[in-house]
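Take a look at the structure below.
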Amino acid sequence: MRDILKTLADEHDTLRSLFEQINATTDRAEKKRTELLQKIEANLIPHAKWEELVFYPAFAERASHDQLLQHAEAIQEHRAVELTVLPDLHAADKTSRQFAGSVKVLSEFITHHADEEESEMFKAARQLFTPAERAELDEQYEAWKASPAAAGLTFHAKAKTALKSIVRNPKAPG
Numbered sequence: 001m002r003d004i005l006k007t008l009a010d011e012h013d014t015l016r017s018l019f020e021q022i023n024a025t026t027d028r029a030e031k032k033r034t035e036l037l038q039k040i041e042a043n044l045i046p047h048a049k050w051e052e053l054v055f056y057p058a059f060a061e062r063a064s065h066d067q068l069l070q071h072a073e074a075i076q077e078h079r080a081v082e083l084t085v086l087p088d089l090h091a092a093d094k095t096s097r098q099f100a101g102s103v104k105v106l107s108e109f110i111t112h113h114a115d116e117e118e119s120e121m122f123k124a125a126r127q128l129f130t131p132a133e134r135a136e137l138d139e140q141y142e143a144w145k146a147s148p149a150a151a152g153l154t155f156h157a158k159a160k161t162a163l164k165s166i167v168r169n170p171k172a173p174g
């Protein structure tokens with residue numbers, strides 16, 4: 001049976017693998033870093049946006065007082081990545097130590113977030129949602145990822161990141 005929690009955890013694993021690859025690059029690997037960053041964002045942004053729009057609100061509706069703290073932390077971690085970490089990464093020259101450092105921070109941040117989500121939030125969600133509800137959420141997520149709405153939100157998020165990176169470093173290529 002389908003399960004949104006397995007799908008989201010599998011996507012976390014994909015991101016972990018991509019971060020291992022990009023963290024292993026050298027400063028001379030501009031093309032490889034660019035390709036890997038594109039893959040990271042292609043996986044990360046739709047995942048995060050759907051969690052924010054669908055999964056987190058559904059979780060919050062059923063959450064206990066303590067589980068609402070997990071919810072609040074998850075939202076703030078998403079905001080920190082979107083508003084600070086990704087724009088800083090894009091503002092850095094891909095052949096620089098700053099880029100490597102920003103990638104390292106992003107990978108640690110996302111890995112920590114994914115680990116917490118899986119060990120705390122997903123564990124709670126297994127109790128809050130029936131297997132049938134988790135399967136339905138998984139189907140909705142698959143359909144949403146292929147939708148114009150997902151493409152639009154992903155484009156918007158990338159555009160915001162690009163604009164914020166320009167403000168941070170007007171000379172950066174974006």
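So the sequence shown is numbered by UniProt numbering: it starts at 1 and just counts up by one.
Every residue, glycine too, gets a C-beta built ideally from N, C-alpha and C.
Can you tell me whether residue i is helix, strand or coil according to DSSP?
| i | result |
| --- | --- |
| T154 | helix |
| D27 | coil |
| D66 | helix |
| D138 | helix |
| D3 | coil |
Whole angstroms are fine: how far does the CA of residue j sit from the CA of residue i?
| i | j | result |
| --- | --- | --- |
| K39 | A29 | 15 Å |
| Q67 | A124 | 8 Å |
| A157 | E52 | 13 Å |
| R62 | E35 | 39 Å |
| I32 | D93 | The sequence shown places Lys at residue 32, not Ile. Going from the Cα of K32 to the Cα of D93 covers about 13 Å. |
Under a Cβ-count criterion, where at least 16 other Cβ atoms within 10 Å of its own Cβ denotes burial, should residue i be classed as buried or exposed?
| i | result |
| --- | --- |
| E20 | exposed |
| E139 | exposed |
| L83 | exposed |
| F59 | buried |
| E142 | exposed |
| A48 | buried |
If residue i and residue j are in contact, beta carbons under 8 Å, what's the gap, nearest whole angstrom?
| i | j | result |
| --- | --- | --- |
| H90 | A162 | 6 Å |
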